[in-house]
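In what follows, a single structure is set out as structure tokens and then discussed.
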Amino acid sequence: MKSKIIYIVVGVLAFGILLVMSYNGQQRAKINEVQKAMSKINNQKEVTKQATKQLETNYNEADEKAKSSLIDFAKVYYTFSSQDDYERRFEKVKDDVQLSDENKKQLFSDGRDDTGGSKIDNLGIRSVYDTAVGYTSDKQDDLIETLTTVVIKVSSDTTKTVKQAVLLHGWYDTKLNKLVSIKVNDLQ
């Protein structure tokens, strides 16, 4: 009888141990599943982080390119000392802009009076780019809106040099890497 009780107790203990081991094995499997899921989430998080960083880098590079393009345009547009310089301004910027014919016509007049004479040479008008500060304000699709406050020094044969502030408002196309629209607003 004693041996039967011992066998029963040992059997119950063995059964209990097997039951505990089975339960622990199930829990370990669940823990492994959770760890795999967490590993996947961490990998996705890293991929998303890298993609976000790449987008930020691309946007910041495009942002800087838009600002510097409009400032470079201003340097050429507002620097001339003769009729020839004045007329060659578009040639100097043509690779950096893709303006509509109307916008080009508004920006690049020939600088001549009604008789065809040169207002620039006749009045001795000179313009020199002084400084500029660029800003970007918005991005829509592939276009970045950029603003540049430009200070220029203007003089003529009959007047002393005066500083003038001008606001350039441009749209920069990130696919073309060119300014596609530019408007000039005098601030003074």
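Be aware that the sequence shown starts at 1257, since it is given in the working numbering, and climbs by one per residue.
Heads up, the beta-carbon is just placed ideally off N, CA and C, and yes, glycines get one too.
Contact annotation, Arg1368 with Ser1411: C-beta distance approximately 20 Å; criterion of less than 8 Å not satisfied. By the neighbour-count definition (other C-beta atoms within 10 Å, threshold 16), Ala1318 is a buried residue.
Ala1285 is classed as exposed because its beta carbon has fewer than 16 other beta carbons within 10 Å across all chains shown. Restricted to the segment 1333-1418, the beta strand (DSSP E) segments that are unbroken, complete and at least 3 residues in length are 1382-1396 and 1399-1411, listed in chain order. As DSSP reads the structure, Leu1435 sits in a beta bridge with Val1353 and Tyr1428.
The beta carbon of Ser1393 lies closer than 7 Å to those of Glu1401 and Leu1403 in the same chain, with the five residues before and after it left out. Listed in chain order, the non-local C-beta contacts of Ala1330 below 7 Å within the same chain comprise Tyr1385, Ala1388, Thr1404, Val1406 and Leu1424, local neighbours out to five positions each way being set aside.
As the crow flies, the alpha-carbon of Glu1312 is around 37 Å from that of Ile1287. In this structure Leu1432 is in contact with Gln1354, their Cβ atoms being roughly 6 Å apart against a cut-off of 8 Å. Under DSSP, the beta-bridge partners assigned to Val1422 are Val1406 and Asp1442. If you draw a straight line from the Cα of Ile1261 to the Cα of Gly1267, it comes to about 10 Å.
A straight-line Cα-Cα distance of about 34 Å links Ser1338 and Thr1430. A Cβ-Cβ distance of about 33 Å is found for the pair Asp1413 and Leu1435, leaving them out of contact under the 8 Å criterion. By the neighbour-count criterion, in which a residue is buried when 16 or more other Cβ atoms sit within 10 angstroms of its Cβ, Phe1271 is exposed. Per the coordinates, the alpha-carbon of Glu1320 lies some 55 Å from the alpha-carbon of Gln1283.
Arg1344 and Asp1352 have their C-alpha atoms roughly 14 Å apart.
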